[in-house]
Amino acid sequence: MSFGEAVRRAHRAGRLVVQPRMGMADPARMRAALVATKAANAHSAGTITLDSYTRIGDWEAARRAVHEGLDLNGYPIVTHGAETLRLMLAGVADPDFPVQVRHGSAQPSRIVETMCRGGLYATEGGPVSYCLPYGRTRLDAALPDWMRACRTLAASQESGARPHLETFGGCLMGQLCPPGLLVAISVLEALFFRSMGLRSLSVSYAQQTSPEQDREAIGALRRLCGELLPDVDWHVVVYAYMGVYPRTASGARELLAAATRLAVDTGSERLIVKTVAEAYRIPTIAENVDALEMAASVAEDHTARGGPMPVGVRPDQDSEVYGEASALIDAVLNLGPHPGRALVAAVKRGLLDIPYCLHPDNAGRARSYIGADGRLRWSDVGAMPLPRPVGVGRAALTAAGLVAALSHVQRAFDAPVLQGARSSRPTIEQASQGAGGGGGAGSSSSG
Amino acid sequence: MRSASPGGRVPRTATGVASPTIVVSSLKSDAHTWNLVFLQLLIEEAGFEVVNLGPCVPTDLLVSASLELLPRAIVLSSVNGHGYHDALPAIAALRARPALAGTPVIIGGKLGVGAEDRSALAEHLLASGFDAVYDDTQETGGFRELLAAMTAPPS
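If you're matching them up, the sequences are chains P and F in order. Residues in the first sequence are numbered consecutively from 268, following the numbering used here. Residues in the second sequence are numbered consecutively from 234, following the numbering used here.
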């Protein structure tokens with residue numbers, strides 16, 4: 268079974284692969300979730316999202332939770348072990364229904380060993396994207412463990428497996444990160460995976476605040492992958508918005524529909540969906556199936572409508588996002604021949620600086636804002652090799668200002684329904700809902 | 234807005250007088266950040282310095298940073314559904330240190346995975362040593378009032 272080949276086959280057949288985020292503590296329930304995903308009226312891929320204890324390597328807490336039957340926010344893959352994984356997937360995973368492990372871990376080698384022993388070879392993340400936003404693990408500790416994990420995956424090729432690894436760099440922080448930096452880190456993490464011997468990759472990009480800018484970003488991502496990954500089988504995976512999600516069902520559906528159209532318009536091969544429950548809680552299996560089927564139907568209609576590729580997507584066109592991303596990539600690759608070590612060095616020097624990220628290795632000088640045209644822009648580029656913003660004062664950010672920015676998309680998509688009836692006072696929930704949640708793991712808003 | 238590493242010096246204002254410091258922290262398994270950025274800004278606006286320990290903070294680090302800083306309060310935030318389970322060992326470890334036995338410790342967020350009785354969770358957290366528990370659906374008014382009450386000089 269090859270994740271990359273399954274996605275490529277679907278794309279050749281004109282189908283967008285749609286994929287949920289789902290993880291259940293209990294193997295029987297996890298299997299039921301995969302069976303329901305497979306049975307959905309959509310060209311779907313399956314997901315095993317891991318729980319937060321497994322993500323941080325707290326094996327004792329995971330073991331205790333399983334032993335005491337506590338509810339977890341994902342599947343504790345290491346605690347259940349490789350044999351349980353193999354049994355759980357038997358008769359579910361097949362060449363047309365590939366399954367991916369989503370773990371959110373800064374140090375994933377034990378998770379990767381377990382999945383490979385259980386016969387599963389597709390996962391995602393990255394040494395920067397699964398480290399900086401989600402905890403305090405130093406990059407100097409994350410990189411060697413990611414290298415171990417990559418070697419384990421690459422070694423599986425000797426026994427005939429076709430491992431697949433997806434970058435999470437295009438989803439950093441979920442929101443408020445300008446696309447030039449997202450695209451750059453997605454490509455740089457793919458270059459790191461390639462340098463570790465992996466040849467089937469996907470590069471992520473999460474829907475942001477401006478459809479036009481998003482199309483440019485994916486156009487830039489495709490062009491840079493074409494230039495820098497000539498010997499790799501790669502595809503693009505688009506994530507439905509990962510920030511504060513609309514509360515109304517119609518707002519949530521329209522946001523997912525917009526993400527689906529973005530994926531189709533940009534020739535993207537795969538889409539990670541969000542559900543109508545996103546603003547409130549971890550979605551149910553049925554809510555995930557609904558989202559998969561809705562996205563599949565929107566994709567089919569939109570593909571049938573056809574039309575020329577929108578401006579900014581064609582790989583021969585320059586764009587602002589392409590300019591920023593290629594400047595960042597060049598600066599990082601100039602630091603040395605090993606893309607992983609260059610990435611770590613670049614973060615420490617502030618050549619890559621993720622706005623609002625609290626990690627001790629992040630420079631923390633860069634700041635972003637949503638422009639009047641809806642595009643994400645820099646108010647401060649810190650030490651990154653990017654043009655200094657002009658005409659933008661770096662006024663002190665207030666809590667209310669942050670909530671307004673974080674809930675920009677939520678308001679835009681809920682407004683037609685609520686017609687301005689909602690309270691304008693910020694709630695902790697609005698801020699807390701913003702993504703960041705460990706690429707996969709668990710909470711309703713996580714990657 | 235700034236974040237500080239534990240072990241750094243206690244933040245001071247421009248006049249050189251130490252502002253009252255509040256520690257903001259996630260719990261050990263929670264990787265979310267925006268809630269912490271928001272709380273930092275909110276608390277700074279109320280006149281405090283904030284030392285933000287960030288996401289996925291091990292209990293040992295929470296305790297050592299708090300012992301070093303002896304903050305006016307400790308504000309914990311968790312939104313991944315494990316908050317209730319992770320908060321109990323954290324509060325026990327904080328309260329086990331005499332220097333922190335009387336420090337106000339406040340928790341808020343999405344503390345369970347959804348199926349639990351919310352008021353029972355809150356009561357148990359209060360009984361375990363927290364001074365205030367905020368549900369994620371509440372507006373920030375109550376928390377702001379609590380902060381305002383804490384800006385008074387310590388007695």
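Backbone N, C-alpha and C fix where the C-beta goes; we use that ideal spot for every residue, glycine too.
For Asp-500 (chain P), the uninterrupted beta strand (DSSP E) run begins and ends at 500 to 506, by DSSP.
When rounded, the separation of the alpha-carbon atoms in Met-414 (chain P) and Ser-372 (chain P) is 13 Å.
Under the three-state reduction of DSSP, Ile-324 (chain F) is assigned to helix. If you compare the alpha carbons of F:Gly-374, F:Ala-264, F:Glu-278 and F:Ser-297 with that of Thr-321 (chain P), the shortest gap goes to F:Ala-264. Residues of the region 376 to 406 of chain P that bring their beta carbon within less than 7 Å of a beta carbon in chain F comprise Pro-400, Tyr-401, Gly-402 and Arg-403, in sequence order.
Relative to Leu-294 (chain F), the option among F:Met-383, F:Leu-274, F:Val-338 and F:Ala-326 whose CA is nearest is F:Ala-326. For the region 321 to 349 of chain P, residues whose beta-carbon sits nearer than 9 Å to a beta-carbon of chain F comprise Arg-322, Ile-323, Asp-325, Ala-328, Ala-332, Leu-337, Asp-338, Leu-339 and Asn-340. Ile-549 (chain P) has a beta carbon lying within less than 8 Å of a beta carbon in chain F. Against Glu-278 (chain F), the close residues of chain P are Thr-665 and Ala-666, in the order they occur along the chain (beta-carbon pairs closer than 8 Å). Remark: three or more beta-carbon pairs, one from each stretch, lie closer than 8 Å, so the region 470 to 486 of chain P and the region 635 to 649 of chain P are flagged as touching. Residue pairing of Arg-330 (chain F) in beta bridges, as defined by DSSP: absent, with no partner found. For Asp-585 (chain P), the secondary structure class from DSSP, reduced to helix, strand or coil, is coil. Membership of Asn-285 (chain F) in the beta strand (DSSP E) is indicated by the continuous run 282 to 285. Listed in chain order, the positions of the region 270 to 296 of chain F with a beta carbon within less than 9 Å of a beta carbon of chain P are Val-270, Phe-271, Leu-272, Gln-273, Leu-274, Leu-275, Ile-276, Glu-277, Glu-278, Asn-285, Leu-286, Gly-287, Pro-288, Cys-289, Val-290, Pro-291 and Leu-294. For Thr-551 (chain P), the secondary structure class from DSSP, reduced to helix, strand or coil, is coil.
For Asp-263 (chain F), the nearest CB of chain P lies under 8 Å from its own CB, placing it at the interface with that chain. Between Met-509 (chain P) and Gly-441 (chain P), the C-beta gap is smaller than 8 Å, which places the two residues in contact.
Proximity of Gly-371 (chain P) to chain F, defined by a Cβ-Cβ separation below 8 Å, is satisfied. Beta bridge pairing from DSSP links Arg-537 (chain P) with P:Val-284 and P:Val-504. Contact between Leu-352 (chain P) and Leu-387 (chain P) holds: CB atoms are separated by about 6 Å, below the 8 Å threshold. Here Ser-372 (chain P) is not bridged, per DSSP, to any residue. When P:Ala-598, P:Leu-522, P:Ile-596 and P:Arg-548 are compared, the shortest CA-CA separation from Met-561 (chain P) is found for P:Leu-522. Interface criterion met: the Cβ of His-315 (chain F) is under 8 Å from a Cβ in chain P. Sequence-distant Cβ neighbours of Phe-459 (chain P) in its own chain, meaning closer than 7 Å and more than five residues away, are Pro-394, Pro-606, Gly-607 and Leu-610. When 8 Å is used as the limit between beta carbons, Cys-624 (chain P) is near these residues of chain F: Thr-266, in chain order.
A check of alpha carbon separations from Leu-455 (chain P) across P:Ala-299, P:Cys-444 and P:Ser-471 identifies P:Ser-471 as the nearest. Ranked by Cα distance from Ala-309 (chain P), the options P:Leu-673, P:Val-565 and P:Ser-426 are led by P:Val-565.
In the three-state reduction of the DSSP assignment, Ser-258 (chain F) falls in the strand class. Listed as beta-bridge partners of Arg-644 (chain P) by DSSP are P:Tyr-636.
In terms of beta-carbon proximity, Ser-471 (chain P) stays away from the interface with chain F, with every pair separated by 8 Å or more.
F:Gly-335 is the residue among F:Glu-372, F:Ser-310, F:Gly-335 and F:Arg-377 whose C-alpha sits nearest the C-alpha of Asp-364 (chain F). The region 356 to 370 of chain P makes no contact with the region 347 to 362 of chain F: fewer than 3 CB pairs, one atom from each, lie closer than 8 Å. With a contact defined as Cβ atoms closer than 8 Å, Ala-558 (chain P) and Val-531 (chain P) miss out at about 16 Å. Interface residue (Cβ-Cβ distance to chain P less than 8 Å): His-318 (chain F) is classified as such. Judged by DSSP secondary structure, Val-308 (chain F) falls within the beta strand (DSSP E) whose first and last residues are 306 to 311. Rounded to whole angstroms, the Cβ separation of Ser-259 (chain F) and Ser-297 (chain F) is 16 Å, and the two are not in contact under 8 Å.
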